[in-house]
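Undergrad: Reading the sequence shown from the start, the letters are residues 1 to 144 in the working numbering. Note that beta-carbon positions come from the ideal geometry of N, C-alpha and C, so glycine has one too. Values in this document were obtained by computation on a predicted structure and should not be read as measured data.
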Amino acid sequence: MGEFSIFHWLVVLAIVLIFFGGRRIPEVMKGLGEGIRSFKDGMSGASQNSGQAATAQAAAPGGLTAKSGKGQVELAWSASFGATTYNVKRSGTSGGPYAKIASTSATSYTDEGVASGTTFYYAVSSVAASGESENSIEVSATAS
């Protein structure tokens, strides 16, 4: 009762193929491997940090807005706790990849000299002593 026969393994394989398809299995296995690796890293990090205060990763800035102007785009966002600077990133396509165009300690930035009629996509990340945060939610703007 506690052992799987070859028949049981074939049934499990058939179910996996039905749910995920043959082409998705490598993605699923990659995700499983990354999850296990992340868990192991977390467990080893927890034992190394015992007795020490853990530093929290900087949070991504919130409330990012973009306002179009003549040959420029004005960006503004909310401050993130613990952030010392913010990396402003731009892309010509939604979802990136983004190129860092500025680093500032302010919670606003004006991207000047952008081509009018062109739509740009922006994201901002926070930088703190613990490292850089994930990107904020993307916003887009078309300079006039």
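1) Measuring CB atoms only, is the segment 105 to 114 touching the segment 125 to 137, in the sense that at least three cross pairs come out at less than 8 Å?
2) Compare the beta carbon distance of Ala141 and Ser68 with 7 Å and say whether it is the shorter of the two.
3) Who are the near neighbours of Thr104 in its chain, counting only those whose CB is closer than 8 Å to its CB and skipping five residues on each side?
4) If you follow the beta strand (DSSP E) that Ile75 is in, where does it begin and where does it stop?
5) I'd like the span of the beta strand (DSSP E) that includes Phe145, first residue to last.
6) Please name the residue in Ala123, Val11, His8, Gly95 whose C-alpha comes closest to that of Leu64.
7) What does DSSP give as the partner residue(s) for Arg90 in the beta ladder?
TA: Judging by the given coordinates:
1) The segment 105 to 114 is not in contact with the segment 125 to 137.
2) At the C-beta level, Ala141 and Ser68 come within 7 Å of one another.
3) These residues qualify, in order along the chain: Thr85, Tyr86, Val88.
4) According to the sequence shown, residue 75 is Leu rather than Ile. Taken as a continuous stretch (DSSP letters only), the beta strand (DSSP E) holding Leu75 covers 72 to 76.
5) Residue 145 is absent from the model: the chain starts at 1 and stops at 144.
6) Ala123
7) Ala99, Tyr122
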